[in-house]
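Below you'll find the structure, written out as structure tokens, and then a few comments.
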Amino acid sequence: MLHPPSRRLATILLALLTTAGLTTVAAPAARAFPAASRQDVITYLTSITGRNIVSGQHNKEPADLPGQYTQQVRDITGQYPGLWGGDLMFRPEDVANRQRVVDQAKLEWANGSLVALTWHVCTPTGPGTCQFEGGVKTGISNDQFNQIITNGTALNTAWKRRLDEVVPYLQQLKDAGVPVLFRPLHEMNESWNWWGNRPGPNGGARLYQITRDHLMSKGLTNLIWVWNVQDNPAGNWAAYYPGASYVDVVSLDVWYKSHPSQGDYQQMQSIAGSKPIALAEMGKVPNASLLDSQTRWSYFMIWSEQLRGSNTNAEIQNAYFHPRVLNQDEVTLSAQPRTGQITGAGGKCVDVAGSATANGTAVQLYDCNGTGAQRWSVGTDGTVRALGKCLDVTGQGTANGTPVQIWDCNGSGAQQWSATTAGQLRNPQSGRCLDVPGGNTANGTRLQIWDCNANAWQRWTLPA
């Protein structure tokens, strides 16, 4: 998605006028989001992977100013970030203002930004409010940690009661239809925090599992679970991973270098598989080199005061105006995709062979039968999905006769399809269309891509 030149010019003018103390040029109106499910956001982040990246800005304490750094972005660029980040806080005066954080989250969502929440949480060995030094940034003994992750112990109960303190606030966001990119126990591989530097199945990963299980038991189905490590220590991140069933987004905080290295990027992808990856904290805004070479990051979030402390106005503007970067008025959570049968030659249906869900399962023509193997979702993100997988051109092939299959959705060009006015389904990467070989309408005929033509066996009726 490219920035329209007229809007780019308007934002540059607005930034210049703001710098001069004049604000006579209005920013474009934001697109308000409707109530949405967590899956809508996950699907969106997956859909932009490899094509775009959402801009983000964190807003740290004080909690009574939960939009101060986001406003700085607006002052510099004329744009609001596509993602607003906040914190559930730890200091007594900030915990007392959690409602302001929640209200800001609702406002940001209504204005068209994704919502992310971190929690610098006080150790359960002490009270629910604390100072950073000695309360969040502190150590606990191995025995204390083991008690926290052992059901039924006093410290395990204390941890769950600590989690309960934020349930009413997260419930408000659920009731308002706001999905939350929730990042608890962040920088799990670091040693500055009380929960960190404990690899293995009975370390930080187990605490993350307990945290997710407990909050999900409260019905907080709006939470999108973001797992997080820091770029130092640089290796063995998988030893902190709680498992694919516990994580929706795999994220990295970059503090020991300006930008993630290629090794960091590869390690994140290795852990995430087909899940979205993100830059959950950065000091330096991404530059063109990073954005053009590491294309799978789905969003970045600049840390509060580092926005101005580590970047020039020109660097910030260059990041926000980069063609791949999506700001508040460009993040689009579409309505529900069109879902149903796709019918073609002989009145038969596009079908996943045997209703199998394994990667590489053939996509074929078959008598319409109403099964899930023939229930396709045609999304505005360019994907066509069934059984939780994407319609995919095998091996990223572009040659005539390349068969199609289902595969984990990964944002690649092999999984992009566009409907033509003639009723074809065209794969832009290859420039070829979904095709029934030779017009053979026998059950089990495997579909392929072929030069787009006028033959009836390239005509498809999509769900309404």
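Numbers in the numbering used here are just positions in the sequence shown, counted from 1, shifted up by 5.
In this text, a Cβ means the ideal position worked out from N, Cα and C, and glycines have one as well.
Rounded to whole angstroms, what's the CA-CA distance from Ala469 to Ile347? Just pull it up for me.
Along the sequence shown, read from residue 1 onward, the residue named residue 469 stands at position 464. Along the sequence shown, read from residue 1 onward, the residue named residue 347 stands at position 342. So the two alpha carbons sit approximately 10 Å from each other.
Val409 lies in the beta strand (DSSP E); which residues open and close that run?
Within the sequence shown, numbered from 1, the residue matching residue 409 stands at position 404. Unbroken beta strand (DSSP E) run through Val409: 409–412.
If Ser309 sits next to Lys289, beta carbons under 8 Å apart, how far is it from one beta carbon to the other, in whole angstroms?
On the sequence shown, residue 309 is found 304 positions in, with the first residue counted as 1. On the sequence shown, residue 289 is found 284 positions in, with the first residue counted as 1. About 14 Å separates the two Cβ atoms, so there is no contact after all.
Which runs of the beta strand (DSSP E) fall wholly inside the region 124–205 and span at least 3 residues, in chain order?
185–188
Whole-angstrom C-beta distance between Asn233 and Glu192, which should lie under 8 Å:
The sequence position of residue 192 within the sequence shown is 187, counting from 1. The sequence position of residue 233 within the sequence shown is 228, counting from 1. About 6 Å; that satisfies the 8 Å criterion.
Measure the C-alpha to C-alpha separation of Ala283 and Ala319 and round it to an integer number of angstroms.
As a first step, residue 283 must be located in the sequence shown, where it is residue number 278. As a first step, residue 319 must be located in the sequence shown, where it is residue number 314. Straight-line Cα distance between these residues: approximately 23 Å.
What's the C-alpha gap between Leu178 and Leu439?
Position 173 of the sequence shown, counting from 1, holds the residue named residue 178. Position 434 of the sequence shown, counting from 1, holds the residue named residue 439. Rounded to the nearest angstrom, the two C-alpha atoms are 42 Å apart.
Among residues of its own chain, excluding the 5 on either side of His327, which ones have a beta-carbon nearer than 8 Å to its beta-carbon?
Numbered from its first residue, the sequence shown carries residue 327 at position 322. Counting only Cβ-Cβ distances below 8 Å, and skipping sequence neighbours, we find Pro291, Ala293, Leu296.
Should Trp200 go down as buried or exposed, given a rule of 16 or more other Cβ atoms within 10 Å for buried?
In the sequence shown, the residue the question calls residue 200 occupies position 195. By the 10 Å Cβ count, Trp200 comes out buried.
How far does the alpha helix (DSSP H) with Thr75 in it reach, from first residue to last?
Translated into positions along the sequence shown, residue 75 becomes position 70. 73–82 is the extent of the alpha helix (DSSP H) around Thr75.
Mind listing, in chain order, the continuous beta strand (DSSP E) runs of no fewer than 3 residues lying wholly within the region 332–388?
343–345, 354–357, 368–371, 381–383
So is Met273 buried or exposed if we call it buried at 16+ other beta carbons inside 10 Å?
Indexing the sequence shown from 1 puts residue 273 at position 268. Buried.
So, Asn64 versus Gly83, is the Cβ gap smaller than 7 Å?
On the sequence shown, residue 64 is found 59 positions in, with the first residue counted as 1. On the sequence shown, residue 83 is found 78 positions in, with the first residue counted as 1. Taking 7 Å as the Cβ cut-off, Asn64 and Gly83 do not qualify as a contacting pair.
Spatial distance of Gly387 from Ala424 (CA atoms):
On the sequence shown, position 382 is the one that residue 387 refers to. On the sequence shown, position 419 is the one that residue 424 refers to. For Gly387 and Ala424, the distance between alpha carbons rounds to 9 Å.
Among residues of its own chain, excluding the 5 on either side of Asn415, which ones have a beta-carbon nearer than 6 Å to its beta-carbon?
Translated into positions along the sequence shown, residue 415 becomes position 410. So the qualifying residues of the chain are Ser279.
Whole angstroms are fine: how far does the CA of Lys165 sit from the CA of Ile307?
Taking the first residue of the sequence shown as 1, we reach residue 307 at position 302. Taking the first residue of the sequence shown as 1, we reach residue 165 at position 160. Looking at the two C-alpha atoms, the distance is approximately 30 Å.
Do Leu70 and Ala121 have their beta-carbon atoms positioned less than 7 Å apart in this structure?
If you number the sequence shown from 1, residue 121 lands on position 116. If you number the sequence shown from 1, residue 70 lands on position 65. No, the Cβ-Cβ distance between Ala121 and Leu70 is not below 7 Å.
I think Tyr174 touches Arg103, with their Cβ atoms under 8 Å apart; what is that distance to the nearest whole Å?
Residue numbering aside, residue 174 sits at position 169 when the sequence shown is read from its first letter. Residue numbering aside, residue 103 sits at position 98 when the sequence shown is read from its first letter. That pair is a contact at about 5 Å.
Give me the residue from Val255, Gly365, Thr54, Ser256 with the minimum Cα distance to Arg451.
Here residue 451 refers to the residue found at position 446 of the sequence shown. Arg451 has its Cα closest to that of Gly365, out of Val255, Gly365, Thr54, Ser256.
Classify Ala427 as buried or exposed, calling it buried when 16 or more other Cβ atoms lie within 10 Å of its own Cβ.
To locate residue 427, count along the sequence shown from 1; it is residue 422. Counting Cβ neighbours within 10 Å, Ala427 comes out exposed, since fewer than 16 surround it.
Could you compute how far the alpha carbon of Ser303 sits from the alpha carbon of Pro433?
Locating residue 303 in the sequence shown gives position 298, where the first residue counts as 1. Locating residue 433 in the sequence shown gives position 428, where the first residue counts as 1. The straight-line gap from Cα to Cα measures roughly 22 Å.
Near Arg167, which residues of its chain fall below 7 Å by C-beta distance, leaving aside the five closest residues on each side in sequence?
Residue mapping note: residue 167 aligns to position 162 of the sequence shown, counting from 1. Result list for Arg167: Val126, Pro129, Gly133, in chain order.
Looking only at C-alpha atoms, which of Ala159, His219, Leu112 sits nearest to Gly131?
Your numbering for residue 131 matches position 126 in the sequence shown. Looking at the Cα atoms, Ala159 is the closest of the given residues.
Limits of the alpha helix (DSSP H) - the one that Asn233 falls within:
On the sequence shown, position 228 is the one that residue 233 refers to. Looking at the DSSP string, Asn233 is not in any alpha helix (DSSP H); the run it does join, the beta strand (DSSP E), is 228–235.
Give me, in chain order, the residues of the same chain whose beta-carbon lies closer than 7 Å to that of Val183; leave out the 5 immediate sequence neighbours on both sides.
On the sequence shown, residue 183 is found 178 positions in, with the first residue counted as 1. Result list for Val183: Ala110, Lys111, Trp114, Val120, Asn227, in chain order.
Once you ignore the five residues that flank Ser360 on each side, which residues in its own chain have a CB closer than 8 Å to its CB?
Taking the first residue of the sequence shown as position 1, residue 360 is located at position 355. Here the set comprises Thr376, Gly377, Ala378, Leu392.
According to DSSP, is Leu27 helix, strand or coil?
Translated into the one-based positions of the sequence shown, residue 27 becomes position 22. Confidence at Leu27 is low in this model, with a pLDDT of 33, below 50, so the placement of that residue should be treated as unreliable; the coordinate-derived value is given next. It is coil, neither helix nor strand.
Answer with buried or exposed for Pro281, where buried requires no fewer than 16 other C-beta atoms within 10 angstroms of its C-beta.
One-based indexing of the sequence shown puts residue 281 at position 276. Per the 10 Å Cβ criterion, buried.
Expressed to the nearest angstrom, what Euclidean distance is found between the alpha-carbon atoms of Asp180 and Gln333?
For this step, residue 180 is matched to residue 175 along the sequence shown. For this step, residue 333 is matched to residue 328 along the sequence shown. About 22 Å.
What residue ranges within the region 203–289 form continuous alpha helix (DSSP H) runs of no fewer than 4 residues, ordered along the chain?
209–222, 267–277
Secondary structure of Trp462, DSSP reduced to three states
Within the sequence shown, numbered from 1, the residue matching residue 462 stands at position 457. Note: Trp462 maps to helix in three-state DSSP.
Quick check: the Cα distance between Trp89 and Arg203, rounded to an integer number of angstroms?
Taking the sequence shown and counting its residues from 1, the one referred to as residue 89 is at position 84. Taking the sequence shown and counting its residues from 1, the one referred to as residue 203 is at position 198. Straight-line Cα distance between these residues: approximately 30 Å.
Starting from Val398, trace the beta strand (DSSP E) in both directions and tell me its first and last residue.
Counted from its first residue, the sequence shown places residue 398 at position 393. Run containing Val398: 394–398, per the beta strand (DSSP E) assignment.
Give every residue of the same chain whose Cβ lies closer than 7 Å to the Cβ of Pro442, excluding the five residues on either side of it in the sequence, and list them in chain order.
Here residue 442 is taken as the residue at index 437 of the sequence shown, counted from 1. Excluding sequence neighbours, Pro442 sits near Thr450, Gln453.
Comparing C-alpha positions only, which one of Gln369, Gln267, Asp236 sits nearest to Tyr261?
Within the sequence shown, the letter at position 256 stands for residue 261. Of Gln369, Gln267, Asp236, the residue nearest in Cα terms is Asp236.
With distance defined between alpha-carbon atoms, name the residue in Ser256, Gly157, Leu370, Asp45 nearest to Trp465.
Here residue 465 corresponds to residue number 460 of the sequence shown, with the count starting at 1. Selected option, being the one with the closest Cα: Leu370.
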